[in-house]
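Each step along the sequence shown adds one to the number in our numbering, with nothing skipped, and position 108 is 742. Note that beta-carbon positions come from the ideal geometry of N, C-alpha and C, so glycine has one too. Note that the structure is a prediction, hence the values are computed from the model and not measured. To keep things clear, I will list the structure first and then write my remarks on it.
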Amino acid sequence: MPFLQTLKELESRNIKGQILTTNYLNFSEPKALEQLQKLKNITLKMYDVEAAGEGFHTKGYIFKKEEVYNIIIGSSNMTAAALTSNREWNTRIVSTNQGEMAKSIVDEFEQLWNLHILLTIVTLLRSIKHAMR
Numbered sequence: 635m636p637f638l639q640t641l642k643e644l645e646s647r648n649i650k651g652q653i654l655t656t657n658y659l660n661f662s663e664p665k666a667l668e669q670l671q672k673l674k675n676i677t678l679k680m681y682d683v684e685a686a687g688e689g690f691h692t693k694g695y696i697f698k699k700e701e702v703y704n705i706i707i708g709s710s711n712m713t714a715a716a717l718t719s720n721r722e723w724n725t726r727i728v729s730t731n732q733g734e735m736a737k738s739i740v741d742e743f744e745q746l747w748n749l750h751i752l753l754t755i756v757t758l759l760r761s762i763k764h765a766m767r
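What follows is the structure, encoded as structure tokens:
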């Protein structure tokens, strides 16, 4: 999994990150979530669609270096096929933190990140293991 290797490299450089996933359609792979949980630099949360009462199918990736954001929004999941061989449509936005669109996207991510309906990874893994029984 090249994505995991990249995250491990970022961990070795003490670069922190946040990943917000979802239990929508139970698409998230428990083993992948367990691998992400082991990374010391990543905080992982899950949007609970049952508690929210709505679906959650967003796909966006926000990277910040100093005062510049690189934001990718589109159809790609974080799967090998999506990143290497599928036909996907994505848009990349490069902006300072003062850019209107970047501010709007980052603000929405932060609002979602701070919702009380988010599950921690421990709760998430318990619920997945329970559902698999």
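Taking contact to mean at least 3 C-beta pairs separated by less than 8 Å, is the region 662–677 in contact with the region 686–693?
no
According to DSSP, simplified to helix, strand and coil, what is N704?
strand
Between the Cα of I727 and the Cα atoms of Y681, L641 and I696, which residue gives the shortest distance?
I696
Between the region 721–738 and the region 696–710, do three or more beta carbon pairs fall short of 8 Å?
yes
Per DSSP, Y658 is paired with what?
None, per the DSSP bridge assignment.
Under 7 Å between C-beta atoms of S709 and W723
yes
Give every residue of the same chain whose Cβ lies closer than 8 Å to the Cβ of I649, excluding the five residues on either side of it in the sequence, and list them in chain order.
N675
Less than 7 Å separating the beta-carbons of N720 and V683?
no
Within the same chain, show all residues whose beta-carbon is closer than 7 Å to that of E645, passing over the 5 residues directly before and after it, in chain order.
L673, K674 and N675
My output table needs one value for K693: the three-state DSSP class, helix, strand or coil.
coil
Does the beta carbon of L641 come closer than 7 Å to any beta carbon on chain C?
Of the protein chains in the structure, only one exists, and it is not chain C.
If you draw a straight line from the alpha carbon of S735 to that of E742, how long is it in whole angstroms?
The sequence as given places Met at residue 735; Ser does not occur at that position. For M735 and E742, the distance between alpha carbons rounds to 11 Å.
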